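Undergrad: What follows is a structure written as structure tokens; I'll ask about it next.
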Amino acid sequence: MVAGDGTLPALQQQLHSKKVCVVGGGMAGLAAARELRREGHAVTVMEQSGDVGGQWLYDPRTDGDDPLGAAVPVRVPGSIYACLRLISPREAMGFSDFQFVPRDGDDGRDPRRFPGHREVHCYLRDFCDAFGLMDAVRLNTRVLRVAAAAPTSTTRQWAVRSVSTGTDDDAQDEVFDAVVVATGHYSQPVLPRIQGMEEWGRRQLHSHSYRTPEPFQGETVVVVGCGDSGKDIALDLCQVAREVHLTANSSSAEEATTPAMSRMLASHGDVLRLHPRTRRLHADGRVEFADGSSVLADTVIYCTGYGYSFPFLDTGGAVAVEDEVVGPLFEHVFPPSLAPSLSFVGVPRKILVPWFFERQARWVAQVLSSRRALPPEEEMLRSVEEHYRAREAAGVPRKLTHNIGGVEPLVRFCTYTYAYPFKFIDQ
217 MVAGDGTLPA
227 LQQQLHSKKV
237 CVVGGGMAGL
247 AAARELRREG
257 HAVTVMEQSG
267 DVGGQWLYDP
277 RTDGDDPLGA
287 AVPVRVPGSI
297 YACLRLISPR
307 EAMGFSDFQF
317 VPRDGDDGRD
327 PRRFPGHREV
337 HCYLRDFCDA
347 FGLMDAVRLN
357 TRVLRVAAAA
367 PTSTTRQWAV
377 RSVSTGTDDD
387 AQDEVFDAVV
397 VATGHYSQPV
407 LPRIQGMEEW
417 GRRQLHSHSY
427 RTPEPFQGET
437 VVVVGCGDSG
447 KDIALDLCQV
457 AREVHLTANS
467 SSAEEATTPA
477 MSRMLASHGD
487 VLRLHPRTRR
497 LHADGRVEFA
507 DGSSVLADTV
517 IYCTGYGYSF
527 PFLDTGGAVA
537 VEDEVVGPLF
547 EHVFPPSLAP
557 SLSFVGVPRK
567 ILVPWFFERQ
577 ARWVAQVLSS
587 RRALPPEEEM
597 LRSVEEHYRA
607 REAAGVPRKL
617 THNIGGVEPL
627 VRFCTYTYAY
637 PFKFIDQ
């Protein structure tokens, strides 16, 4: 049997230190690095940008001649726009033992409770410094391929090929005992299917390529999508655009009654208009909406979200992305046939971060060290299928499989993963 907290009895514990590659130096990757080091593993974090922070590292560049972000992978991974602020208070955005508090006397820091993106990036740098993580991070390092290494023993290992960006250096090949994928899911744009998109001759871009409102001075802009980024960008554009037309999947009357939209319309009603979903783009520049109305637009900006993409990962089909589902993944973390040497941190959406990332990473670190154990492969696969069926029975669209938000599911998940009963292990 096992101890009540899910750990193996002392006589069964023979902790192992593994050589682990973490792909991605954003919030999830840094959480993974810290937990892996705490468990005694040798960690290398590979980050393609020039600093840690992932999406919180603002990059004024865009994909230029690919404003829709159709290339895989995108050329510029950053997606945040200049005006982005937290929609959750800073108290909810800190690691459990490193609070996200204002830094008095620090020039350029943002003391607001809902700070801008630069403050979050500074906090992540502070986190790295506090826990000595930077010496484990390789910046400007793009991972080209992760695949199973040639077998040399009974233990699975992974071959990782990487290259230093912006140099003529040859690719570097290394072998690791385990790989943690922590690349996030806010880089690869998802575009809607709207009749006439391909023929529409005016400017179209995804929010991935939006940074500031100035390029849209005096224009009539249609913003497709009424989520957080759609509202943010629409408000930003109201400063300079002649007209801003924001579309929602729900009826415009229903969306107009929400508190956030009511405030937006009250403050910017002279510029901002709300419409139901976009039905068609006409060759003459008109954008037609579901209610039959239309507007002659200069630009269409698609604020339609992002998808999962792991172009570097070669698992021979063991892990795939289909209909925005990464799977199969036991508890959104471990692919059953490749666990525990391959894992994912940061796949779920609608969660409390980085608190959630910490617990995922801690579970991975302790499983790799043999402090904890996973169920047999068959049991993990069965659990994944049960999760799929439960979501389907509840009417949840398949593409929202990883949206596990709400406090209760998070508590249940962390209880299950951090103190798993391990009924499959016998003395």
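Numbering (the working numbering), first residue to last: 217 to 643.
We put the beta carbon where it would ideally sit given N, CA and C, even for glycine.
Here the structure is a predicted model, which means the values were calculated and not measured.
#1: Since Leu-451 and Met-480 are thought to touch, with beta carbons under 8 angstroms apart, how far apart are those beta carbons, to the nearest angstrom?
#2: By Cβ distance, which residues of its chain are closer than 8 angstroms to Val-236, with the 5 residues on each side in sequence left out?
#3: On the three-state DSSP scale, how would you describe Asp-566?
#4: Considering only the alpha carbon of each residue, which of Gln-404, Gln-373, Ser-586 lies closest to Arg-291?
#5: Closer than 6 angstroms by C-beta to Thr-463: which residues in its own chain qualify, once you throw out the five before and the five after it? Chain order, please.
#6: If you draw a straight line from the alpha carbon of Ile-296 to that of Ser-586, how long is it in whole angstroms?
#7: Look at the alpha carbon of Met-477 and the alpha carbon of Ile-449, and state the distance between them as a whole number of angstroms.
#8: Is there contact between the stretch 265 to 274 and the stretch 332 to 344, where contact requires at least three CB pairs shorter than 8 angstroms?
#9: In or out: Ile-303 buried (at least 16 other Cβ within 10 Å) or exposed?
#10: Rounding to the nearest angstrom, what Cα-Cα distance links Gly-434 and Thr-515 in this structure?
#11: Using the Cα positions of Glu-255 and Arg-354, report the straight-line distance between them to the nearest angstrom.
#12: Looking only at its chain, what residues have a beta carbon closer than 7 angstroms to the beta carbon of Arg-250, apart from the 5 residues adjacent to it on each side?
#13: For Gly-269, which of helix, strand or coil comes out of DSSP?
#14: Three Cβ pairs or more, each shorter than 8 angstroms: is that satisfied between the stretch 369 to 378 and the stretch 554 to 574?
#15: Going straight from the alpha carbon of Asn-356 to that of Gln-315, what length do you get?
#16: I'd like the list of long-range same chain contacts for Gly-241, defined as Cβ closer than 6 angstroms, with 5 residues on each side in sequence excluded.
#17: Would you tell me roughly how many angstroms separate the C-alpha atoms of Asp-345 and Gln-576, rounded to the nearest one?
#18: Kindly confirm or deny that the stretch 528 to 546 and the stretch 596 to 604 touch, where touching means at least three C-beta pairs closer than 8 angstroms.
#19: Give the DSSP-derived three-state secondary structure of Asp-448 in the structure shown.
#20: In three-state terms, what does DSSP make of Tyr-604?
#21: Excluding five sequence neighbours on each side, which residues of the same chain lie with their C-beta closer than 6 angstroms to the C-beta of Gln-228?
#22: Taking Asn-619 as the reference, which of Ala-536, His-498, Tyr-524 has the closest Cα?
#23: Considering Cα atoms alone, identify which of Cys-454, Gln-388, Leu-568 is closest to Arg-358.
#24: Going by Cα to Cα distance, which pick from Asp-444, Ala-457, Val-437, His-498 is closest to Thr-474?
#25: Taking Cβ positions, are Thr-520 and Val-612 nearer each other than 7 angstroms?
#26: What separation, rounded to the nearest whole angstrom, lies between the Cα atoms of Pro-552 and Pro-591?
#27: So, for Thr-436: in the same chain, excluding its five sequence neighbours on each side, which residues have a beta-carbon less than 6 angstroms away from its beta-carbon?
#28: Hey, would you say Leu-421 sits closer than 7 angstroms to Pro-289, going by beta carbons?
#29: Straight-line CA distance for Arg-325 to Tyr-339?
#30: Under three-state DSSP, which class holds Asp-389?
#31: Of the residues Val-376, Leu-488, Phe-343, which one's Cα is nearest the Cα of Gln-455?
TA: A quick look at the data gives this:
#1: Counting from 1 along the sequence shown, the entry for residue 451 is found at position 235. Counting from 1 along the sequence shown, the entry for residue 480 is found at position 264. The Cβ separation is near 6 angstroms, so the contact holds.
#2: For the purposes of this step, residue 236 is taken as residue 20 along the sequence shown, with counting starting at 1. Leaving aside the five residues that flank Val-236 on each side, the residues in its chain whose CB is nearer than 8 angstroms to its CB run, in chain order, Leu-252, His-257, Ala-258, Val-259, Thr-260, Phe-392, Asp-393, Ala-394, Val-395, Val-396, Leu-584.
#3: In the sequence shown, counting from the first residue as 1, residue 566 sits at position 350. Correcting the residue identity first, residue 566 is Lys in this sequence and not Asp. Three-state result, Lys-566: coil.
#4: Looking up residue 291 in the sequence shown gives position 75. The shortest C-alpha separation from Arg-291 is found at Gln-404.
#5: Along the sequence shown, one-based indexing puts residue 463 at 247. Same-chain partners within the cutoff: Val-440, His-491, Arg-493, Thr-494.
#6: Here residue 296 is taken as the residue at index 80 of the sequence shown, counted from 1. Here residue 586 is taken as the residue at index 370 of the sequence shown, counted from 1. Roughly 39 angstroms separates the two Cα atoms.
#7: The sequence position of residue 477 within the sequence shown is 261, counting from 1. The sequence position of residue 449 within the sequence shown is 233, counting from 1. If you take the alpha carbons of Met-477 and Ile-449, they lie about 13 angstroms apart.
#8: Segments in contact, yes.
#9: In the sequence shown, the residue the question calls residue 303 occupies position 87. Its Cβ having fewer than 16 others within 10 Å, Ile-303 is exposed.
#10: As a working note, residue 434 is residue 218 in the sequence shown. As a working note, residue 515 is residue 299 in the sequence shown. Answer to the nearest angstrom: the Cα atoms are 11 angstroms apart.
#11: On the sequence shown, residue 255 is found 39 positions in, with the first residue counted as 1. On the sequence shown, residue 354 is found 138 positions in, with the first residue counted as 1. Roughly 21 angstroms between the two C-alpha positions.
#12: For this step, residue 250 is matched to residue 34 along the sequence shown. Around Arg-250: Phe-347, Leu-349.
#13: As a first step, residue 269 is located in the sequence shown; it is residue number 53 there, counting from the start. Residue state, collapsed to three classes: coil.
#14: At 8 angstroms Cβ cutoff, the stretches touch.
#15: Residue 356 sits at position 140 when you count from the first residue of the sequence shown. Residue 315 sits at position 99 when you count from the first residue of the sequence shown. Approximately 28 angstroms between the Cα atoms of the pair.
#16: Within the sequence shown, the letter at position 25 stands for residue 241. Closer than 6 angstroms at Cβ, skipping near neighbours: Val-261, Glu-263, Val-268, Val-353.
#17: Within the sequence shown, residue 345 is the residue found at index 129, counting from 1. Within the sequence shown, residue 576 is the residue found at index 360, counting from 1. Computed Cα separation, rounded: 22 angstroms.
#18: Segment contact: the stretch 528 to 546 against the stretch 596 to 604, three or more CB-CB distances shorter than 8 angstroms; contact assigned.
#19: Taking the first residue of the sequence shown as 1, we reach residue 448 at position 232. The answer is helix: DSSP assigns Asp-448 an H, G or I state.
#20: In the sequence shown, the residue the question calls residue 604 occupies position 388. Correct three-state label for Tyr-604: helix.
#21: By one-based count along the sequence shown, residue 228 stands at place 12. Any reading at Gln-228 must be qualified, since the residue scores a pLDDT of 45, below 50, and its modelled position is unreliable; the value itself is stated next. Once the five neighbours on either side are set aside, Gln-228 has no close Cβ partner at all.
#22: Position 403 of the sequence shown, counting from 1, holds the residue named residue 619. Measuring from the Cα of Asn-619, the nearest candidate turns out to be Tyr-524.
#23: Translated into the one-based positions of the sequence shown, residue 358 becomes position 142. The shortest C-alpha to C-alpha distance from Arg-358 to any of Cys-454, Gln-388, Leu-568 is the one to Gln-388.
#24: Against the sequence shown, residue 474 aligns to sequence position 258. Ranking Asp-444, Ala-457, Val-437, His-498 by Cα distance to Thr-474 puts Asp-444 first.
#25: On the sequence shown, residue 520 is found 304 positions in, with the first residue counted as 1. On the sequence shown, residue 612 is found 396 positions in, with the first residue counted as 1. Not a contact, by the Cβ cut-off of 7 angstroms.
#26: Taking the first residue of the sequence shown as 1, we reach residue 552 at position 336. Taking the first residue of the sequence shown as 1, we reach residue 591 at position 375. Roughly 9 angstroms separates the two Cα atoms.
#27: Within the sequence shown, residue 436 is the residue found at index 220, counting from 1. If we look at Thr-436 and ignore the five residues flanking it on each side, its Cβ neighbours are Arg-458, Glu-459, Ala-513, Asp-514.
#28: On the sequence shown, residue 421 is found 205 positions in, with the first residue counted as 1. On the sequence shown, residue 289 is found 73 positions in, with the first residue counted as 1. Their beta carbons are not under 7 angstroms apart, which means Leu-421 does not touch Pro-289 by this criterion.
#29: In the sequence shown, the residue the question calls residue 325 occupies position 109. In the sequence shown, the residue the question calls residue 339 occupies position 123. Looking at the backbone, the Cα of Arg-325 and that of Tyr-339 are separated by about 10 angstroms.
#30: On the sequence shown, position 173 is the one that residue 389 refers to. Of the three classes helix, strand and coil, the one that applies to Asp-389 here is strand, per DSSP.
#31: Working through the sequence shown from its first residue, we reach residue 455 at position 239. Of the candidates Val-376, Leu-488, Phe-343, the one whose C-alpha sits nearest the C-alpha of Gln-455 is Leu-488.
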